[in-house]
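Accompanying notes for the structure given below.
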């Protein structure tokens, strides 16, 4: 079994204290994606919830692509929202992004993420 750290340059490269993803390969491959928030490679998060959600999914897609995987390889998602009022907007984006793919999923409401301007965090496990 081998592990590979996944930190796409399109997301700003390697974060200081963690990896964006860890790919575990042997007879099959599993990718554990760290919680992705709606920030771009420059660390900027739009104020709009929908834009943050789209950016978080774009970050997930970048990590999957770097590991040779796609959204269809996601087997589990965990979603953290800071405001229950954002649920409908989140579902709309998730439905469009996953395009009929339905991995196991957990969604929880939390009082806050690390920075007050962050409104959504998505982590996934992918396998193939």
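Residue numbers (this note's numbering): 1066 to 1193.
Idealized CB from N, CA, C, for every residue including glycine.
Remember, predicted model here, so these are calculated numbers, not experimental data.
Beta-bridge pairing of residue i - partner residues as DSSP gives them
i: residue 1139; result: 1191
i: residue 1186; result: 1102 and 1145
i: residue 1152; result: Looking at the DSSP assignment, residue 1152 forms no beta bridge with any residue, so it has no partner.
i: residue 1092; result: Beta-bridge pairing links residue 1092 to no other residue.
i: residue 1177; result: Note: residue 1177 sits in no beta bridge, so no partner.
i: residue 1169; result: 1141
i: residue 1159; result: DSSP lists no partner for residue 1159.
i: residue 1086; result: 1071 and 1098
Cβ separation of residue i and residue j, assumed to be a contact under 8 Å, to the nearest whole Å
i: residue 1139; j: residue 1168; result: 5 Å
i: residue 1146; j: residue 1155; result: 6 Å
i: residue 1134; j: residue 1193; result: 6 Å
i: residue 1125; j: residue 1189; result: 6 Å
i: residue 1072; j: residue 1078; result: 6 Å
i: residue 1110; j: residue 1117; result: 6 Å
Nearest residue (CA-CA) to residue i, options the options
i: residue 1158; options: 1115, 1081 and 1107; result: 1115
i: residue 1097; options: 1074, 1110 and 1143; result: 1143
i: residue 1185; options: 1119, 1083 and 1165; result: 1119
i: residue 1174; options: 1161, 1152 and 1073; result: 1152
i: residue 1127; options: 1109, 1099 and 1141; result: 1099
i: residue 1137; options: 1117, 1160 and 1148; result: 1160
i: residue 1176; options: 1089, 1150 and 1170; result: 1150
Beta strand (DSSP E) segment containing residue i, residue limits
i: residue 1125; result: Residue 1125 -> not in any beta strand (DSSP E); alpha helix (DSSP H) instead, spanning 1114–1131.
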